[in-house]
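This report refers to the structure that appears directly beneath it.
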Ligand SMILES: Cc1cc2nc3c(=O)[nH]c(=O)nc-3n(C[C@H](O)[C@H](O)[C@H](O)COP(=O)(O)OP(=O)(O)OC[C@H]3O[C@@H](n4cnc5c(N)ncnc54)[C@H](O)[C@@H]3O)c2cc1C
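Now the structure itself:
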């Protein structure tokens, strides 16, 4: 068996305007694991022009920054990413290669694991590094956590559940990362798929982890028939719909729309929380959201703690009225 280093590598996602809401937490977690393994922490950033982000990243606390700058990396292509990263991992053999359990992470990592023949654990809530690497992930809708270990001596891959990442880097970085260029001819990577165009996603189908605006619906909607009003409202304001667990359990929304500890964490600019009591299992999933607005008929509902705007109202009366009001406004009636 070819042994690997003790290094921890992170794949970061470059987004418009930055590295995304969870990059700090991922770097912080990577640092903890690299220190436990007495290895180095390396961050990988791919894109056509990563210049601005590199400056921020050089001081993020990583020891090395691998940058792949190529026009062919302007858009995420699963085969190109898997091939490029597969070569890198084969060459450098980090002990751990990690990324977020985001839509991209979920698409890429199984391909990468298959490309290099490495073990992969998705949606980890914790990783402990010692002689062995121990991964913990929820199973059976969060009722159980499975703990698994990967064989020693090889690279292991994992995606990390954003809700369990630390808030931000705890210590000021003591060094500036060494920047290393990834030498690769992206145009020479053979692909079987061509991406021909991008269609703007329907907010109804957009992954709630990536959505800019989220309308989250809770048990307070009461009868199932009331849900149509929330669909109309979400459509009108260009929001993705999510829900608390009872709404998912009752089959109104599919499981991938559940927000919370055993669902997904959202980082939306605006989250409108309708008829949700504010259980900690739920609020775990909205910690990184921007402006939070809660509507609840109970003034004492715990959801009203730690939000930006609280509205004491019956959602089944307010949401249809609000929808009609916005419609009138956008149609020029504006009353
Ligand atoms: C291991 C485990 C994991 C869990 N994971 C999750 C998870 O990931 N996500 C999650 O959401 N839950 C999770 N739960 C469940 C969680 O504990 C709560 O039971 C759940 O979040 C409650 O959902 P809710 O707020 O929609 O419903 P409820 O607690 O029933 O609250 C409904 C709210 O609606 C309000 N309301 C009622 N009628 C109206 C109206 N007409 N207008 C306005 N407001 C109204 C009420 O005042 C109330 O505050 C988990 C539980 C366990 C044990």
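Numbering (the working numbering), first residue to last: 2 to 336. Every residue gets a Cβ at the ideal spot worked out from N, C-alpha and C, and that includes glycine. As the structure is a prediction and not an experimental result, all values here were calculated from the model.
- Per the DSSP secondary-structure output, residue 157 pairs in a beta bridge with 97.
- When rounded, the separation of the alpha-carbon atoms in residue 318 and residue 326 is 13 Å.
- Setting aside the 5 residues that flank it on each side, residue 78 is surrounded in the same chain by 192, 196, each with a C-beta closer than 7 Å to its C-beta; the list follows chain order.
- Put simply, the stretch 86 to 97 touches the stretch 155 to 170. At least three CB pairs are less than 8 Å apart.
- By the Cβ-count criterion, residue 181 is exposed, with fewer than 16 other Cβ atoms from all chains shown falling within 10 Å of its own Cβ.
- For ligand 1, no non-hydrogen atom lies closer than 6 Å to the CB of residue 320.
- Here the stretch 210 to 222 lies against the stretch 249 to 265, with 3 or more beta-carbon pairs under 8 Å apart.
- Cβ contact annotation for residue 235 (same chain, cutoff 6 Å, sequence separation greater than five): 216, 242, in chain order.
- The DSSP-derived three-state label of residue 265 is strand.
- The three-state secondary structure of residue 326, taken from DSSP, is helix.
- In this structure, residue 58 lies near residue 44, with their beta-carbon atoms less than 7 Å apart.
- Set against 6 Å, the gap from the CB of residue 39 to the closest heavy atom of ligand 1 is not smaller.
- Bounds of the alpha helix (DSSP H) holding residue 284 are 281 to 284.
- For residue 298, the CB falls within less than 6 Å of some heavy atom of ligand 1.
- Residue state for residue 227 is assigned as helix, using DSSP reduced to three classes.
- Rounded to the nearest whole angstrom, the C-alpha separation of residue 255 and residue 298 is 25 Å.
- Counting along the chain, the unbroken beta strand (DSSP E) around residue 140 starts and ends at 134 to 140.
- The alpha-carbon of residue 210 is positioned some 28 Å away from that of residue 89.
- In the structure shown, the three-state DSSP call for residue 150 is strand.
- In the displayed model, residue 212 falls within coil according to three-state DSSP, outside both helix and strand.
- 7 Å or more divides the Cβ of residue 283 from the Cβ of residue 311.
- With a threshold of 6 Å, the Cβ atom of residue 316 counts as near ligand 1, since some heavy atom of the ligand is closer than that.
- Distance from the C-beta of residue 209 to the nearest heavy atom of ligand 1 is not below 6 Å.
- Annotated three-state conformation of residue 37 is helix, per DSSP.
- For residue 273, the uninterrupted beta strand (DSSP E) segment begins and ends at 271 to 275.
- The Cβ-Cβ distance between residue 272 and residue 293 falls below 7 Å.
- With contacts defined as CB atoms closer than 7 Å, residue 213 and residue 265 fail to qualify as a contacting pair.
- The nearest non-hydrogen atom of ligand 1 is 6 Å or more from the C-beta of residue 68.
- Under the DSSP assignment, residue 249 falls in the alpha helix (DSSP H) whose first and last residues are 246 to 250.
- Residue 82 is a Cβ neighbour of residue 109, given a cutoff of 7 Å.
- For residue 117, the enclosing alpha helix (DSSP H) stretches over residues 104 to 117.
- Among the bridge pairs identified by DSSP, residue 195 is matched with none.
- Distance check between residue 302 and each of 27, 198, 275, 61 places 275 closest, using alpha-carbon atoms only.
- The alpha carbon of residue 145 has as its nearest neighbour, out of 132, 131, 126, the alpha carbon of 126.
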